[in-house]
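*Asks:* In order, the protein sequence lines correspond to chains Z and U. Note that the working numbering has the first sequence beginning at 262, numbered continuously upward. Note that the working numbering has the second sequence beginning at 3, numbered continuously upward. Beta carbons are placed, not taken as given, at the ideal position from N, Cα and C, and that holds for glycine. Just so we're clear, the structure is a prediction, and the values are computed from it rather than from any experiment. Sharing a structure, written as structure tokens. Questions coming.
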Amino acid sequence: AQRVTQPEKLLSVFKGAPVELKCNYSYSGSPELFWYVQYSRQRLQLLLRHISRESIKGFTADLNKGETSFHLKKPFAQEEDSAMYYCALGTNFGNEKLTFGTGTRLTIIP
Amino acid sequence: EPEVTQTPSHQVTQMGQEVILRCVPISNHLYFYWYRQILGQKVEFLVSFYNNEISEKSEIFDDQFSVERPDGSNFTLKIRSTKLEDSAMYFCASTWDSNQPQHFGDGTRLSIL
Numbered sequence: 262a263q264r265v266t267q268p269e270k271l272l273s274v275f276k277g278a279p280v281e282l283k284c285n286y287s288y289s290g291s292p293e294l295f296w297y298v299q300y301s302r303q304r305l306q307l308l309l310r311h312i313s314r315e316s317i318k319g320f321t322a323d324l325n326k327g328e329t330s331f332h333l334k335k336p337f338a339q340e341e342d343s344a345m346y347y348c349a350l351g352t353n354f355g356n357e358k359l360t361f362g363t364g365t366r367l368t369i370i371p
Numbered sequence: 003e004p005e006v007t008q009t010p011s012h013q014v015t016q017m018g019q020e021v022i023l024r025c026v027p028i029s030n031h032l033y034f035y036w037y038r039q040i041l042g043q044k045v046e047f048l049v050s051f052y053n054n055e056i057s058e059k060s061e062i063f064d065d066q067f068s069v070e071r072p073d074g075s076n077f078t079l080k081i082r083s084t085k086l087e088d089s090a091m092y093f094c095a096s097t098w099d100s101n102q103p104q105h106f107g108d109g110t111r112l113s114i115l
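Shown next, in the form of structure tokens:
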């Protein structure tokens, strides 16, 4: 069975401070990991996927298969980063279905 | 940028009634999904649909649920006889290739009274 764990429901960080949102997964196959973001009153939007190895809006995430983690990081938080962040696991060769974590609400304190 | 659109944004229905949630996926997309999110809980997969048939469904997607693509643009989720526990936010998603990220709609908030 696939499982995604986001241990922090709420995270508050001061503007300019580093941010790390934790995500651990459980899956016996080859995982595909995503971070989705949901800004206030907006839809779920893809932020990052691990295979693209991009940096979007200053965020990066590295897949660590040894630790089964895909933590989201940003060196300097900005106020507009306040949102709900969901880690998601795709299975098989792509993302036939997504298994989501419970989400972390990130609040950036000015 | 093209978007997945869902209607209505909020649906209130009496328990036991049938409800149909509508989605218009992005026009060149071929894979379609429904997810739901009960208040305070995580987003859960319901069903995926490709080539006019269900490709995968979860335990939640029992006989009370059905999906249909009645024409070239709409993708609907029907709940035959709603229960109180069906109250949730329902998200539609689509992608043109199962290896590509899914694009989500704004969701329909379903409230069962």
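Compare the C-alpha of U/Phe106 against each of U/Ser96, U/Tyr52 and U/Gln66 and name the closest.
*Replies:* The residue you call residue 106 of chain U lines up with position 104 of the second sequence. Nearest of U/Ser96, U/Tyr52 and U/Gln66 to U/Phe106, Cα basis: U/Ser96.
*Asks:* Do U/Val26 and U/Ser83 count as a contact pair if the criterion is CB distance below 8 Å?
*Replies:* To locate residue 83 of chain U, count along the second sequence from 1; it is residue 81. To locate residue 26 of chain U, count along the second sequence from 1; it is residue 24. Contact: no.
*Asks:* Where do the ends of the beta strand (DSSP E) carrying U/His12 lie?
*Replies:* Translated into the one-based positions of the second sequence, residue 12 of chain U becomes position 10. From DSSP, the beta strand (DSSP E) with U/His12 extends over His12 to Thr15.
*Asks:* Using a beta-carbon distance below 8 Å, is Z/Glu357 in contact with chain U?
*Replies:* For the purposes of this step, residue 357 of chain Z is identified with residue 96 of the first sequence, where counting begins at 1. Yes, contact with chain U.
*Asks:* Going along the chain, which residues of the stretch 294 to 313 of chain Z sit with their C-beta nearer than 7 Å to a C-beta in chain U?
*Replies:* Phe295, Arg304, Leu305, Leu307 and Arg310
*Asks:* Considering only DSSP beta bridges, list what U/Ile22 is partnered with.
*Replies:* Counting from 1 along the second sequence, the entry for residue 22 of chain U is found at position 20. Beta-bridge pairing links U/Ile22 to U/Lys80.
*Asks:* In angstroms, rounded to a whole number, what distance separates the CA positions of U/Leu32 and U/Trp98?
*Replies:* As a working note, residue 32 of chain U is residue 30 in the second sequence. As a working note, residue 98 of chain U is residue 96 in the second sequence. Looking at the backbone, the Cα of U/Leu32 and that of U/Trp98 are separated by about 5 Å.
*Asks:* Verify the CB distance criterion: does Z/Tyr346 have a CB-CB separation below 8 Å to chain U?
*Replies:* Start at 1 with the first residue of the first sequence, and residue 346 of chain Z comes out as number 85. For Z/Tyr346, the answer is no, since every Cβ of chain U falls outside 8 Å of its Cβ.
*Asks:* Pull up the CB-CB distance for U/Leu23 and U/Leu79, whole angstroms please, since I reckon it's below 8 Å.
*Replies:* For the purposes of this step, residue 23 of chain U is taken as residue 21 along the second sequence, with counting starting at 1. For the purposes of this step, residue 79 of chain U is taken as residue 77 along the second sequence, with counting starting at 1. Taking 8 Å as the upper bound for CB-CB distance, U/Leu23 and U/Leu79 are in contact here, some 5 Å apart.
*Asks:* Would you verify that the beta carbon of U/Pro103 is, or is not, closer than 8 Å to some beta carbon of chain Z?
*Replies:* Counting from 1 along the second sequence, the entry for residue 103 of chain U is found at position 101. A Cβ of chain Z is located within less than 8 Å of the beta carbon of U/Pro103.
*Asks:* Compile a chain-ordered list of the residues in the stretch 59 to 92 of chain U whose CB is closer than 7 Å to at least one CB of chain C.
*Replies:* Included in the structure are the protein chains Z and U, with no chain C among them.
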